[in-house]
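Under the UniProt record's numbering, the first residue of the sequence shown is numbered 1, with each subsequent residue one higher. A virtual CB, placed ideally from N, CA and C, is assigned to each residue, including glycine. See below for the structure under consideration.
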Amino acid sequence: MSTTLRARLILYRDGELVEEFPVGKEPIRVGRAKDNDIRVPNAAVSRHHMRISRANSEKYYLRDLASKNGTYLNDERIQEERLKNGDRIDMGRFSLVFTLTPKAGHTTKTRH
1 MSTTLRARLI LYRDGELVEE FPVGKEPIRV GRAKDNDIRV PNAAVSRHHM
51 RISRANSEKY YLRDLASKNG TYLNDERIQE ERLKNGDRID MGRFSLVFTL
101 TPKAGHTTKT RH
């Protein structure tokens, strides 16, 4: 049996919890502009800073959208990387933490 996982992004400002966001099948755009799925009101964050998308099954990817100050994943500047449970994405005074946790009561059988 395999467990179905729930992906979430947890937004922090200066280490303080701000909000949690579910990550589903649709891409999530993060940035300073009001038309983003996750708005980060900080001058160090570009209007359309990064995108998080699900490739297949439970694989999630982070892509920098040509941001001025770059996207940092676990203290390394990246263009595109696969996300893993506990990864930290830094943008100015804000951080997003990517989490994968089992969905309650959801298990599926796998064939061998």
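C-alpha distance - residue i paired with residue j, whole-angstrom precision
i, j, result
"aspartate 37", "arginine 51", "10 Å"
"proline 78", "arginine 63", "Checking the displayed sequence, the identity of residue 78 turns out to be isoleucine instead of proline. So the alpha carbons of these two residues sit roughly 8 Å apart."
"methionine 1", "lysine 103", "Because methionine 1 sits at a pLDDT of 48, beneath the cut-off of 50, its placement in the model cannot be relied upon, and the point is left open."
"tyrosine 61", "asparagine 69", "19 Å"
"valine 18", "threonine 99", "15 Å"
"asparagine 56", "tyrosine 72", "23 Å"
"methionine 91", "alanine 44", "7 Å"
"glutamate 58", "asparagine 42", "30 Å"
"threonine 108", "arginine 8", "With a pLDDT of 47 at threonine 108, under the threshold of 50, the predicted position of this residue should be treated as unreliable, though the coordinate-derived value follows. Spanning the two alpha carbons is a distance of roughly 21 Å."
"proline 22", "arginine 6", "8 Å"
"glutamate 20", "arginine 54", "18 Å"
"threonine 101", "threonine 4", "8 Å"
Cut-off 8 Å between Cβ atoms - residues of its own chain near residue i, not counting five sequence neighbours on either side
i, result
"alanine 33", "Arg39, Arg47, His48"
"tyrosine 12", "Val18, Phe94, Ser95, Leu96, Val97"
Limits of the unbroken beta strand (DSSP E) element including residue i
i, result
"proline 22", "16-23"
"asparagine 56", "50-56"
"valine 30", "28-31"
"aspartate 64", "59-64"
Residues near residue i by beta carbon distance below 6 Å, same chain, minus five either side
i, result
"isoleucine 89", "Leu73, Leu96"
"aspartate 14", "Arg93"
"leucine 83", "Tyr60, Leu62, Phe98"
Considering only residues of the region 72-108, which uninterrupted beta strand (DSSP E) runs meet the minimum length of 3 residues and lie entirely inside it, listed in chain order? 76-78, 80-82, 88-91, 94-108
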